[in-house]
Amino acid sequence: MRVAGGALVRRWGGRAVGLAITGAGLYIVAPSLLSLFGTWPRLADIEPWWFPALVVLETCSFAALWWLARLALAQRAGDGEPSPVQSGWGTIATAQLAGNAASKVVPGGPAAGGVLQARLLIQAGQPAAVVASALTAIGLITTGVLLLLPILTVPALLVGPPPAKQLELGLLVSLVLAIVIVGLGVTALTWTRFVVLIGRAAGRVIHLVKRSVTADSCSATLIAQRDRVAAAFEGHWWKAVFAAAANRMFDYAALVVALAALNAHARPSEVLLAYVVAQALTLIPITPGGLGFVDAGLTALLVVIGISADTALIGTLLYRLISFWLPIPVGLLAWTGWRIHLHITRPSRKKAAEPPAAGDDE
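In the numbering used here, each number is its position in the sequence shown, counted from 1, plus 39.
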């Protein structure tokens, strides 16, 4: 009985703690979420054509991830591993959409979403080792782009236009930043000395806060992560970095358009800073997808940069409606379609796998 009880605690204890933390987090952010959704009727005042514009931008952001996954899954398998099959765009999109939806509704967030995405890709015929390596590389390169954005935000703040100028210039900012990110990304993948210098500089800064981290250890870790990304996207470095940059920049452009739809006035560089901080809040594992924390944080930051509180609330709601809430039912539909497809094709697969009967050759 004690052994069974211990196994039960080990199996469900972590999940219970996770659910408790998620519940406490949702309780904390509930007032901000209620305030946000209280502005829902105000969305009717927005010109209808802004909504498809936002959907197109977010679709492009997701499509960049699909392209990135396709590049990563094309890597060569190791010795003794089966060669990867070329997955179709539909399979890759379905796996990413289903995993993304799961990461936003299931406790465990990105981990649960990654497991579901990997499961769908493996069921589609991809070797497990290739899928694990591909998803790790995708996570590393997209996180690297996110960590690079704060560094690029500083010069953007310095050279940006004066306050109250056209927010639409943020679309040009996103294009310029994408080009810069591609250049820096390819440099990091091809020039080891550059990565060493960056790692040592970061290690010295981190050492001031955490003594166990040194310049050499940080540099070695960064090189190891770089090598994993370089191996996963070997022969496709330019495309991979461009896809990772496009994923972030299309998403930032969607935020710019959401605010432009409300005739908000702010410097695009300051909106970029608010976007970067909001994306960092999605990494907080308290609530799935940073639910509540991202909404409250983004609204507060938009107010800080000079946007009225009312406009900031509606703009955040509009942006999160397209970037966070809409992909959830889309991902659910994708997962449901995949399950139906498996149910239909499974009998034929089993029949094809069965050895022929002894009399069939006669």
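Cβ coordinates follow ideal geometry from the N, Cα and C atoms, glycine included.
- The three-state secondary structure of Leu223, taken from DSSP, is helix.
- Leu136 places its beta carbon less than 7 Å from that of Gly370.
- The criterion of a C-beta distance shorter than 7 Å is not satisfied by Leu96 and Ala303.
- Looking only at Ala317, Asn139, Ser172 and Trp377, the smallest Cα-Cα distance to Arg267 is reached by Ser172.
- Separation of Trp128 and Arg109 (C-alpha to C-alpha, rounded to the nearest whole angstrom) is 8 Å.
- With fewer than 16 neighbouring CB atoms inside 10 Å of its own CB, Pro87 falls in the exposed class.
- When DSSP states are grouped into helix, strand and coil, Pro189 belongs to the helix group.
- Segment contact: the region 265-283 against the region 221-228, three or more CB-CB distances shorter than 8 Å; contact assigned.
- Within the model, the alpha-carbon separation for Ser256 versus Thr231 is close to 15 Å.
- One alpha carbon belongs to Ser362, the other to Asp290, and they sit about 8 Å apart.
- Residue state for Pro194 is assigned as helix, using DSSP reduced to three classes.
- Assignment of Thr78 by DSSP, reduced to helix, strand and coil, places it in the coil class.
- Taken in chain order, the complete alpha helix (DSSP H) segments of 4 residues or longer contained in the region 275-309 are 276-299.
- Remark: C-beta atoms of Thr192 and Leu311 approach each other more closely than 7 Å.
- The Cβ atoms of Ser100 and Leu112 do not sit closer than 7 Å to each other.
- In the assembly as shown, Pro149 is a buried residue. Its beta-carbon has 16 or more other beta-carbons within 10 Å.
- The three-state secondary structure of Ser100, taken from DSSP, is helix.
- In this structure, DSSP gives Gln318 a helical state, which the three-state scheme calls helix.
- For the options Ile131, Arg359, Ala176 and Leu352, the alpha carbon positioned closest to that of Glu273 is the one of Ala176.
- In this structure, Leu206 sits away from Ala300, with a CB-CB distance that is not shorter than 7 Å.
- In this structure, the straight-line span from the alpha carbon of Gly242 to that of Ile262 is close to 13 Å.
- Ala271 has its alpha-carbon roughly 34 Å from the corresponding atom of Leu337.
- If you ignore the 5 residues before and after Ala351, its C-beta comes within less than 6 Å of the C-beta of Thr338, Leu341 and Val342, all in its own chain and listed in chain order.
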